[in-house]
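Novice:
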Amino acid sequence: MATCAKLDIYEQMYLIRAFEERIAELFTRGELFGTTHPCIGQEATAVGVVTALEPTDVVTSTHRGHGHFLAWTGDVKGLMAEIMGRATGVCAGRGGSQHLYAENFYTNGITGGMGAVGTGMALAEKQQESGNIVCSFIGDGALAQGILHEAMNMASLWNAPILYALENNLYAMSTHVRDTLAGGIVPRADALGIESATVESEDVFEIIEASEKAVEYVRENCRPYLLELRTYRFCGHSINDERAYRTREEEDEWRKRDPLALLAGALDGADRREIEGRCQARIERAIAAARKAPVQDLGDIGKGLWKS
Amino acid sequence: MEKLTVGRAIAAGLRKKLADDPTVYLLGEDICDPYGGAFRITRGLSSEFPGRLINVPISEAGTVAVTTGMALRGLRPVVEMMFGDFIALAADQLINHAAKFSWMYNGAVSVPLVVRAPMGGRRGYGPTHSQSLERMLLSTPGLRIVAPTPRHDAAALIGAAIDDPNPVVFIEGKLLYAAEQATVSEHYDIAHTHPPYPAAVLNNAAGEQPNVTVVTYGPMLPIVEEAMTATFNEDEVACEILAPSEIAPLDTALIGESVARTGRLIVAEEGPRSWGWAAEVVARVVERWGDRLVARPVRVTGRDLPLPTARPLEDHVLPGVETVRGAVEKVMLQ
Ligand SMILES: Cc1ncc(C[n+]2csc(CCOP(=O)(O)OP(=O)(O)O)c2C)c(N)n1
Ligand SMILES: [Mg+2]
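If you're matching them up, the sequences are chains A and B in order. With this note's numbering as the guide, the letters of the first sequence map in order to residues 5 to 312. With this note's numbering as the guide, the letters of the second sequence map in order to residues 9 to 342.
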């Protein structure tokens, strides 16, 4: 891999990590309202999969969508303002952390729901011969939702060009995947006639390679594909989570496989520091801008409810 | 000439949109030929428009989710729920997905989705195939609920729903499929307001002041008409019947204006009594035009019971012509 690509990937991953850590701080200081689901530890799956997509493709994501959003758009200001509830946020503060929109990028807070909506999006892209595919990020917990199975069944029947990018971080909130998932993940895809693969790696470039293969398969064959990505969130499920359901030893084992640290180790120190400084400055500028920005004018609160 | 029923009118509207707009797709269980849907509404269309109708697995939630995605990305899908009762399976897709996207993304997207839902009883289908479940969706901002009657142009209404950039649940009274669609009547002057989802305004007073305003929608209209015709002939009570086709969001101005003239209000719906559409209409009228009322408003509704299958039992639970006449008596006596 060329050094410039490595630096670029590192910058994207570091931006997500630093962003999420800063969000957690803002919550602790009482500056944010509600909750949020950080993706600390899962930066490689977000950046890896998004790197394999074309800019005209379509992405759907979940409650844990900041990483996907930043990898897709790089819009730190829009995301920060959204989480801070400002009119300058990508959804003017209406959606907040879990309900994000950017061009060709959609998230919602209902577990599994967007995998099904994404399936329909893929059918629309196919029908209109756009050549675009859809990538729907889902979690291991979403596999317990019937809606996802209904949609994957249709995706296979009707040849939907969709990549289900399943981030298996072993947990759905406090519940381990072994307590919620009977059988296996790949056998589920097999039963539906959907191609699949599992990537167990903290190396973002291996994730990119597997994602590129999957994306190419989806685009060339106009068929669905399930890519299981083994990963781990180092943080709690949401802001209020002491992680009492797992041991610090387990976390330490996974910390040794931190995808960001792994990539950082392969870079020149000066390059790294420059990237990190740039990311931090972007985040601070976004916070400063959001602090100064107004909330949406209450007179506009009904806009967009009914389209004409 | 074959009589134009509401069912045929809906089919004609679907055919016209399929012909005019290549982004229109119809999805539903068993809707393709030779079956043509549980109520045969789409019969012939899959042969006429190859590839545009899709038989779906028995996955109501999945179908509404997938069509919501199609609608977000440039198509105009129309879903047929085999029975409206099954809309309960797709509640999350309608409430937390289709109805939310436009507003929660600050107006950046549209969801031009139509879900057709055959609702209502009186066909002996029992507790899970006869309900009027539109009531579960009425309080969902962002979801439009439209219900044709025989006094509406159902072809135009389904066409408007398909053209609508907002998600629309289209309530088709099962009993209306075979009812003749006629916008002229020997008993009533019929006018329409508010396109593209007009309210039908029926008057039997022929230029005179009506005594009572009766508000209803969908499959209750023929029953209300029958009752009010009898009441006019036997008791000389003249009425103005208002049947909005857009039942949510509801424009109350027309109703208030009528009540201001008649001073009396009856609201009729087939669904159970509690927490219903009729209750909302009464509340709005009382809040804004209460001082114009000369009598307490009366609701005509089903009972707060599941719908039984046996005909005499179902007749007991659902409001009929006599129930409406009883309401007129009540409102006129005060
Ligand atoms: C339908 C639904 N049920 C429950 C929740 C609450 N909830 C939010 S995230 C979550 C866990 C999801 O787990 P997973 O899919 O593995 O994603 P992860 O949080 O691990 O990224 C739950 C139960 C929800 N948002 N939606
Ligand atoms: Mg998980």
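Glycine included, each C-beta is placed from N, C-alpha and C at the ideal position.
Assign Asp256/A to one of two classes, buried (16 or more other C-beta atoms within 10 Å of its C-beta) or exposed (fewer than that).
Specialist: Its Cβ having fewer than 16 others within 10 Å, Asp256/A is exposed.
Novice: Measuring alpha carbon to alpha carbon, tell me which of Gly44/B, Val87/B and Cys40/B ends up nearest Val32/B.
Specialist: Val87/B
Novice: Can you say whether Gln139/B is buried or exposed, counting buried as having 16 or more other CB atoms within 10 angstroms of its CB?
Specialist: buried
Novice: Taking CB distances under 9 Å as the criterion, tell me whether Ile114/A reaches chain B.
Specialist: yes
Novice: Is there contact between the segment 293-304 of chain A and the segment 35-49 of chain B, where contact requires at least three CB pairs shorter than 8 Å?
Specialist: no
Novice: For chain B, check one thing: does any of its Cβ atoms lie closer than 9 Å to the Cβ of Ala126/A?
Specialist: It does: the Cβ of Ala126/A has a partner Cβ on chain B nearer than 9 Å.
Novice: Taking the alpha helix (DSSP H) that Glu253/A falls in, what are its first and last residues?
Specialist: Note, Glu253/A: alpha helix (DSSP H), Arg252 to Arg259.
Novice: Along chain B, which residues have their Cβ under 7 Å away from the Cβ of Trp385/A?
Specialist: Only positions 5 to 312 of chain A appear in this structure, which leaves residue 385/A out of reach.
Novice: DSSP puts Thr64/A in a beta bridge; with which residues?
Specialist: Tyr110/A and Ser140/A
Novice: Listed from N- to C-terminal order along the chain, which residues in the segment 204-222 of chain B have their beta-carbon within a distance smaller than 7 Å of any beta-carbon of chain A?
Specialist: none
Novice: Where does His11/A fall in DSSP's three states?
Specialist: The amino acid at residue 11/A is misidentified as His; the sequence shows Leu. Of the three classes helix, strand and coil, the one that applies to Leu11/A here is helix, per DSSP.
Novice: State the Cα-Cα distance for the pair Met236/B and Ala303/B, rounded to the nearest angstrom.
Specialist: 18 Å
Novice: Show which residues of chain A have a CB atom less than 9 Å away from the CB atom of Pro65/B.
Specialist: Neighbours of Pro65/B on chain A, chain order: Glu154, Asn157, Met158 and Leu161.
Novice: Near Ser67/B, what residues of its chain come up, given a Cβ to Cβ distance below 6 Å and the 5 sequence neighbours on each side ignored?
Specialist: none
Novice: May I ask you to list, following chain order, the residues of the segment 63-85 of chain A that have a beta carbon less than 7 Å from some beta carbon of chain B?
Specialist: none
Novice: Around the Cβ of Ala286/B, are there at least 16 other Cβ atoms within 10 angstroms (buried) or fewer (exposed)?
Specialist: Under this definition Ala286/B is a buried residue.
Novice: Measure the C-alpha to C-alpha separation of Thr191/B and Pro65/B and round it to an integer number of angstroms.
Specialist: 38 Å
Novice: Is the closest heavy atom of ligand 1 to the C-beta of His41/A under 8 Å?
Specialist: Of the heavy atoms belonging to ligand 1, at least one sits nearer than 8 Å to the Cβ of His41/A.
Novice: By DSSP's criteria, Pro126/B is part of a beta bridge. Which residues make up the other side?
Specialist: Glu180/B
Novice: Do you know offhand how far Thr64/A's Cα is from Lys11/B's?
Specialist: 48 Å
Novice: Drop a sphere of 10 angstroms on the beta-carbon of His103/A, count the other beta-carbons inside from all chains shown, and report buried for 16 or more, exposed for fewer.
Specialist: buried
Novice: Under 9 Å between the Cβ atoms of Ile211/A and Thr49/A?
Specialist: yes
Novice: Give me whichever residues DSSP pairs with Asp197/B in a beta bridge.
Specialist: Asn211/B
Novice: My understanding is that Ala251/B touches Ala199/B, with C-beta atoms under 8 Å, so please give their C-beta distance in whole angstroms.
Specialist: In fact, because the Cβ distance is near 11 Å, the residues do not count as touching under 8 Å.
Novice: Should Thr184/A go down as buried or exposed, given a rule of 16 or more other Cβ atoms within 10 Å for buried?
Specialist: exposed
Novice: Would you decide whether Lys260/A is buried or exposed? Buried here means 16 or more other CB atoms lie within 10 Å of its CB.
Specialist: exposed
Novice: Given that a residue counts as buried once 16 or more other Cβ atoms are within 10 Å of its Cβ, and exposed if not, what is His324/B?
Specialist: exposed
Novice: Since Arg84/B and Pro58/B should fall inside the 8 Å C-beta cutoff, what is the C-beta to C-beta distance between them, to a whole number of angstroms?
Specialist: Contact doesn't hold; Cβ gap of about 18 Å is too wide.
Novice: Sorry if obvious, but does the Cβ on Gly113/A come closer than 8 Å to a heavy atom of ligand 2?
Specialist: Because no heavy atom of ligand 2 lies under 8 Å away, the Cβ of Gly113/A does not count as near it: no.
Novice: Would you decide whether Thr32/A is buried or exposed? Buried here means 16 or more other CB atoms lie within 10 Å of its CB.
Specialist: exposed
Novice: Quick check: what's the CA-CA separation for Gly132/B versus Val329/B?
Specialist: 18 Å
Novice: Under the rule that 16 or more other beta-carbon atoms within 10 Å means buried, what is Gln300/A, buried or exposed?
Specialist: buried
Novice: Quick one: Cα of Glu142/B to Cα of Cys283/A, how far?
Specialist: 50 Å
Novice: Assuming His160/B and Ser54/B are in contact, meaning their beta carbons sit under 8 Å apart, how far apart are those beta carbons, in whole angstroms?
Specialist: 26 Å between Cβ atoms; not a contact.
Novice: Taking the beta strand (DSSP E) that Arg84/B belongs to, which residues open and close that run?
Specialist: For Arg84/B, the enclosing beta strand (DSSP E) starts and ends at Arg84 to Glu88.
Novice: Which chain B residues sit within Cβ distance under 7 Å of Gly122/A?
Specialist: Gly77
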